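Chains as they are written, first to last, in the numbering used here: chain H, 1 to 130; chain B, 1 to 130. Reviewing the structure listed below.
There are 2 protein chains.
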Amino acid sequence: MTKKNRSGCPIASGLEIVGDRWTLVILRDMLTGKSKYADFLDSPEKITTNILASRLSQMEENGLVSRREYQTNPKRYSYHLTPKGADLLPLVQSLTRWSNVHLSHTWTPPAYFMEMTPQQAAEAGAKPPA
Amino acid sequence: MTKKNRSGCPIASGLEIVGDRWTLVILRDMLTGKSKYADFLDSPEKITTNILASRLSQMEENGLVSRREYQTNPKRYSYHLTPKGADLLPLVQSLTRWSNVHLSHTWTPPAYFMEMTPQQAAEAGAKPPA
DNA sequence: GTGAGTCGCTTGCAAAATGCAAGTGACTTC
DNA sequence: GAAGTCACTTGCATTTTGCAAGCGACTCAC
Numbered sequence: 001m002t003k004k005n006r007s008g009c010p011i012a013s014g015l016e017i018v019g020d021r022w023t024l025v026i027l028r029d030m031l032t033g034k035s036k037y038a039d040f041l042d043s044p045e046k047i048t049t050n051i052l053a054s055r056l057s058q059m060e061e062n063g064l065v066s067r068r069e070y071q072t073n074p075k076r077y078s079y080h081l082t083p084k085g086a087d088l089l090p091l092v093q094s095l096t097r098w099s100n101v102h103l104s105h106t107w108t109p110p111a112y113f114m115e116m117t118p119q120q121a122a123e124a125g126a127k128p129p130a
Numbered sequence: 001m002t003k004k005n006r007s008g009c010p011i012a013s014g015l016e017i018v019g020d021r022w023t024l025v026i027l028r029d030m031l032t033g034k035s036k037y038a039d040f041l042d043s044p045e046k047i048t049t050n051i052l053a054s055r056l057s058q059m060e061e062n063g064l065v066s067r068r069e070y071q072t073n074p075k076r077y078s079y080h081l082t083p084k085g086a087d088l089l090p091l092v093q094s095l096t097r098w099s100n101v102h103l104s105h106t107w108t109p110p111a112y113f114m115e116m117t118p119q120q121a122a123e124a125g126a127k128p129p130a
């Protein structure tokens with residue numbers, strides 16, 4: 001996330017938002033229904049707390065997620081995909097398909113995940129935490 | 001490219017290969033017919049020489065590109081997409097589509113680019129430099 | 001009602017990646 | 001033979017990442 005707007009190229013510009021090691025794995029978690037801080041920490045990739053916090057705030061800045069206070073006292077927030085964030089689903093599905101073909105030892109996700117539409121993902125993301 | 005294989009998740013694993021700011025822009029250039037070192041340096045994003053060199057060798061390690069000596073004395077190499085690399089085309093197209101919808105000031109690529117297939121890309125990548 | 005535990009972060013610091021500029025070797029061209 | 005070009009490499013400053021510990025605001029057990 002260093003130098004911004006190197007060019008008007010959609011690939012270079014898009015990578016400024018999703019071109020790092022963590023953003024899309026958090027997005028994956030949201031696509032599969034996770035919404036709270038502890039949920040994201042639980043994932044097998046073991047993201048550290050500082051990176052998670054900084055990625056979540058960047059994602060919010062970039063309009064991919066919205067934060068909702070789901071309890072006061074103490075204040076707790078849950079994170080949900082915006083339509084802009086949910087629209088990254090096809091990208092995530094492309095990456096998944098590529099990895100499943102070309103990288104050994106990657107697990108294939110459930111069919112519902114590969115067949116989901118961004119609309120469905122946005123609706124799931126808009127739901128209050130279970 | 002720090003810690004490898006955080007999990008068997010296809011998304012996390014795929015990001016270890018393409019989850020950085022430069023790999024996909026070099027790939028984009030190859031998809032549009034570039035193959036030589038100087039060609040890549042020419043792109044509007046102005047990648048620096050050290051990063052380009054390190055990305056190209058990583059991409060070779062990861063099997064996305066192959067290097068071909070196109071002249072001896074002095075030895076010069078051109079870089080070409082392998083089928084594995086060309087198969088990233090749908091991912092690049094997804095990212096392009098997303099950026100065009102959600103990021104202002106991104107230019108839309110020519111139609112042929114969005115309609116290309118990985119097979120066509122691999123053939124173009126396999127061609128000797130023009 | 002106090003001491004341990006949980007949750008969602010923040011802080012400090014070391015290690016790695018990135019960016020910039022300059023340099024280098026093997027030529028080609030004037 | 002001096003000046004360029006091409007494909008890198010090297011050195012060093014800056015930025016990002018990763019790890020571990022800390023911290024405030026609670027809840028819950030006893």
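For glycine and all other residues, C-beta sits at the position ideal for the given N, C-alpha and C. Predicted, not measured: the structure shown is a model, and the values here were computed from it.
Please list, in chain order, the chain B residues whose beta carbon lies closer than 9 angstroms to that of residue i.
i	result
Val65 (chain H)	Under the 9 angstroms cutoff, chain B gives no residues; its nearest Cβ is about 14 angstroms from Val65 (chain H).
Do we get a CB-CB distance below 8 angstroms when we pair residue i with the residues of chain H?
i	result
Leu95 (chain B)	yes
Asn50 (chain B)	no
Ser78 (chain B)	no
Lys84 (chain B)	yes
Thinking just about the alpha-carbon of each residue, which of the options is nearest to the one in residue i?
i	options	result
Pro110 (chain H)	H:Arg21, H:Thr32, H:Ile11 and H:Ile17	H:Thr32
Asn84 (chain H)	H:Thr72, H:Gln93, H:Leu27 and H:Leu95	Here the sequence assigns Lys to residue 84 (chain H), which means Asn is not the residue at that position. Selected option, being the one with the closest Cα: H:Leu27.
Leu121 (chain H)	H:Ala12, H:Glu16 and H:Met30	Looking at the sequence shown, residue 121 (chain H) is not Leu but Ala. Cα-wise, what sits closest to Ala121 (chain H) is H:Met30.
Ser78 (chain H)	H:Glu123, H:Pro10 and H:Ser35	H:Ser35
Glu45 (chain B)	H:Ser13, H:Trp107, H:Arg97 and H:Phe40	H:Ser13
His80 (chain B)	B:Phe40, B:Pro10, B:Ser94 and B:Asn73	B:Phe40
Arg67 (chain H)	H:Tyr37, H:Asn100, H:Met116 and H:Met114	H:Tyr37
Ile11 (chain B)	H:Pro118, H:Leu15, H:Leu103 and H:Glu61	H:Leu103
Thr82 (chain H)	H:Val25, H:Phe113 and H:Gly63	H:Gly63
Ser43 (chain H)	B:Met59, B:Arg21 and B:Cys9	B:Cys9
Val25 (chain B)	B:Gln93, B:His105 and B:Val101	B:Gln93
Leu52 (chain B)	B:Gln71, B:Thr23, B:Lys75 and B:Glu61	B:Thr23
Glu123 (chain B)	B:Phe113, B:Ala86 and B:Trp98	B:Ala86
Glu60 (chain H)	H:Trp107, H:Met114, H:Met116 and H:Val18	H:Val18
Just verifying my parser: in three-state terms, what is the DSSP assignment at residue i?
i	result
Arg55 (chain H)	helix
Lys84 (chain H)	helix
Arg76 (chain H)	strand
Gln67 (chain H)	Residue identity check: residue 67 (chain H) is Arg in the sequence provided, not Gln. If DSSP states are grouped into helix, strand and coil, Arg67 (chain H) belongs with the strands.
Met116 (chain B)	coil
Please decide whether residue i counts as near chain B, where near means a Cβ-Cβ distance under 8 angstroms.
i	result
Pro44 (chain H)	yes
Closer than 8 angstroms by beta-carbon distance: list the chain B residues that pair up with residue i, in chain order.
i	result
Asn100 (chain H)	Pro10
Pro110 (chain H)	Ordered by position in chain B, no residue passes the 8 angstroms Cβ test against Pro110 (chain H), which lies about 12 angstroms from the chain.
In chain B, which residues lie less than 7 angstroms from residue i when you measure between Cβ atoms?
i	result
Leu88 (chain H)	Trp98
List, in order along the chain, the chain H residues whose C-beta lies closer than 7 angstroms to that of residue i?
i	result
Leu91 (chain B)	Leu91, Ser94, Leu95 and Trp98
Item to check | Residues within the region 14-38 of chain B neighbouring chain H, beta-carbon criterion of under 9 angstroms | outcome: Gly14, Leu15, Glu16, Ile17, Val18, Gly19, Asp20, Arg21, Trp22, Thr23, Leu24, Val25, Leu27 and Arg28
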